[in-house]
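Report on the following structure.
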Amino acid sequence: MISGLCLAIALSGITHQPAAQTLQVQNTTSQVSPDTKTEQKGASNPQTPIADSTSEVPTQEQPVKKFFPPAEYEGQLVKNVKLSTKDKVVALTFDDGPAPKNTLQILKILKKNDIKATFFWIGRMLKEYPEIAKEVAAEGHVIANHTWSHSYRWMSKAAAAREIDDTADLIYKTTGVKSLYFRPPGGILTNGVADYAKKKNYAVIMWSNDSIDYRPYSAKRLVNNVMRRIKPTEIVLMHDGGGNRSATVKALPEIISRFKQLGYKFVTIPELLDMELKEKEAASKSKKDSKSPSLNSEEQDVKGEEKDSNSPPLNSEEQGVKSEEKDSNPSSISPGPEASPGNGIQDLPDSPSPLPSPHSSTEQY
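Numbering of the sequence shown is given in our numbering, commencing with residue 160 and proceeding in unit increments.
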């Protein structure tokens, strides 16, 4: 009886030891800052182990995808893009996600219309809804940074770094995407966040067309907001997170339909910047070529005549040598004005007088 009792006590002590260890883990996680990028959802559950942060790093099954701007746009503010081509293009952008319901509904609409958009994500939303984020990335949309907390307040350099860097780290760990596109919350450029983004070589993307869907407008009003003053090149601001975006979801198909009817092509932000850069390079090359055109044969003849007319006059000694060379070469003697059929010298046909050059001697090349 006594030995059995001792055995029961010993077994009881063993079964309580893991519980004590679990409690210790739980207390450790409670000290982690909400903004710490290694904090995992569900860590407060004693039965849920804390995942190693390295376990989220993309593997071969989830290759790294980069959205980097052309070098000319690194660290630059992009307010609007102007293209000189006849093509009309529009880039749809969505802020404040990923979010349940809204983001998924928007994905379905975009997929149905074969459109790729650009999503500017908030870090804390990404942390809350990683599965939605993975679906957005899997659909081939462009992912961009919209800070961790969407704060408008002024920030120190260290605070701005956390807002941007922590979000960038989580985007990479969740989706395998590395992005250097950034949009400041509220479009605010003076609170330190945009300045930090520029120093980190982000292209800071603004917008040219505001749907104003952050106000409680009807879907019809949102459509009118977007379409009332459209330009040939547009960056449209909309939201899939930050509140109830049912009006945005309802308005989106009509917005897409109207742009299509007007002949617009849908592009992502990286595609739009590439288009603008190629136009700038082509214009620069054309301008350079126009300053130094190659001469055709007619222009070369004119240049030769100009060169001869500008040759320095011969001195007396050189003239004497030239005269002797001319006398020693009878074939070079042309008939004089006294030549006539009567003296045995055949008349040469009159050669036409040279036409005036189409280019004046003062024309610059």
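A virtual CB, placed ideally from N, CA and C, is assigned to each residue, including glycine.
Cutoff 8 Å: residue i Cβ touching any chain E Cβ
i      : result
Ala317 : No chain E appears in the structure shown, which is made up of a single protein chain.
Sequence-distant residues of the same chain with beta carbon closer than 7 Å to residue i, five excluded per side
i      : result
Glu298 : Leu266, Lys270
Ala406 : Asp372, Tyr376, Ser377, Ala378, Leu381
Tyr404 : The amino acid occupying residue 404 in the given sequence is Arg; Tyr does not appear at that position. Here the set comprises Asn261, Asp372, His398.
Exposure of residue i, with buried meaning 16 or more beta-carbon neighbours within 10 Å
i      : result
Glu440 : exposed
Lys485 : With a pLDDT of only 47 at Lys485, under the threshold of 50, the placement of this residue in the model should not be trusted, and no figure is reported.
Ala327 : buried
Val223 : exposed
Ala442 : exposed
Trp313 : exposed
Pro489 : Low confidence applies here, because Pro489 scores a pLDDT of 42, under 50, leaving its location unreliable and the question unanswered by this model.
Gly256 : buried
Tyr288 : buried
Leu329 : buried
Asp273 : exposed
Glu368 : A quick correction: the sequence has Asn, not Glu, at residue 368. So Asn368 ends up on the buried side.
Ser445 : exposed
Tyr311 : exposed
Asp246 : exposed
Start-to-end residues for the beta strand (DSSP E) that takes in residue i
i      : result
Gln242 : The amino acid at residue 242 is misidentified as Gln; the sequence shows Leu. Note, Leu242: premise wrong, no beta strand (DSSP E); not H, not E.
Thr392 : 392-398
Thr262 : Note, Thr262: premise wrong, no beta strand (DSSP E); alpha helix (DSSP H) at 261-271.
Asn383 : Here Asn383 belongs to no beta strand (DSSP E); instead the alpha helix (DSSP H) covers 378-386.
Val426 : 423-426
Ala362 : 362-364
Ala303 : 301-304
Lys337 : 336-338
Trp280 : 277-280
Residues of its chain near residue i, where Cβ-Cβ distance is below 6 Å and the 5 sequence neighbours each way are ignored
i      : result
Gly234 : Lys357, Asn360
Leu251 : Ala276, Val395
Leu236 : Val363
Gly503 : With a pLDDT of only 37 at Gly503, under 50, the local geometry of the prediction cannot be trusted, and the value read off the model is given with reservation. Closer than 6 Å at Cβ, skipping near neighbours: no residue.
Ile414 : Val382, Val385
Phe418 : Val249
Distance between beta carbons of residue j and residue i, contact taken as under 8 Å
i      : j      : result
Thr244 : Asp399 : The Cβ separation is near 30 Å, so there is no contact.
Lys409 : Lys225 : 34 Å between Cβ atoms; not a contact.
Trp307 : Gly282 : 3 Å
His305 : Trp280 : 6 Å
Leu431 : Val248 : 6 Å
Asp448 : Pro229 : No, Asp448 and Pro229 are not in contact; Cβ-Cβ is about 23 Å, not under 8 Å.
Lys293 : Thr334 : 6 Å
Residue i - containing alpha helix (DSSP H), residue span
i      : result
Phe418 : 405-420
Thr349 : Premise fails: Thr349 is in no alpha helix (DSSP H) and is neither H nor E.
Val223 : That residue, Val223, is in no alpha helix (DSSP H); it is neither H nor E in DSSP.
Ile291 : 289-297
Cβ shell of residue i (< 8 Å), same chain only, five flanking positions each side left out
i      : result
Lys316 : Gly351, Tyr355
Ala318 : Gly351
Glu435 : Val240, Lys241, Leu242
Tyr232 : Ala362, Leu432, Leu436
Ala258 : Met284, Tyr288, Ile291, Asp399, Gly400, Gly401, Arg404
Evaluate contact between the region 332-345 and the region 360-375, counting only Cβ atoms and requiring at least three cross-stretch pairs below 8 Å.
Of all C-beta pairs linking the region 332-345 to the region 360-375, three or more are shorter than 8 Å, placing the two stretches in contact.
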